[in-house]
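Undergrad: Let me give you the structure first, and then I'll get to my questions.
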Amino acid sequence: MKKIDEYMCIKEAATFLGVSPNTLRNWEKEKKITVYRNPQNRYRLYKREDLETLLNQIQKS
1 MKKIDEYMCI KEAATFLGVS PNTLRNWEKE KKITVYRNPQ NRYRLYKRED
51 LETLLNQIQK S
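Residue numbers for the sequence shown follow the UniProt record's numbering, so the first one is 1 and each next one is one higher.
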């Protein structure tokens, strides 16, 4: 079973990356980030590891 702290909701992920939630939704459409869904409510969830990788890519460019 995955730990809940391995995932962030869209608001937390946006704050972590310094972007808006709409930017994350656009990146999802452009396949720049993988989104997971909560099976109970279908809310977007983002893996902390994926966000850290994306943040490193953003900082390098």
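Cβ atoms here follow ideal geometry from the backbone N, Cα and C, with glycine treated the same way.
Since the structure is predicted, the reported quantities are computational estimates derived from the model, not experimental observations.
Please name the residue in I33, Q40, R37 whose C-alpha comes closest to that of L54.
TA: Taking the first residue of the sequence shown as position 1, residue 54 is located at position 54. Comparing Cα-Cα distances from L54 to each of I33, Q40, R37, the minimum goes to I33.
Undergrad: Is the region 32–46 touching the region 5–22, taking contact as three or more C-beta pairs under 8 angstroms?
TA: yes
Undergrad: Fully enclosed by the region 1–32, which beta strand (DSSP E) runs are 3 residues long or longer?
TA: 7–9
Undergrad: Helix, strand or coil for R48 per DSSP?
TA: Working through the sequence shown from its first residue, we reach residue 48 at position 48. Here R48 sits in helix by DSSP.
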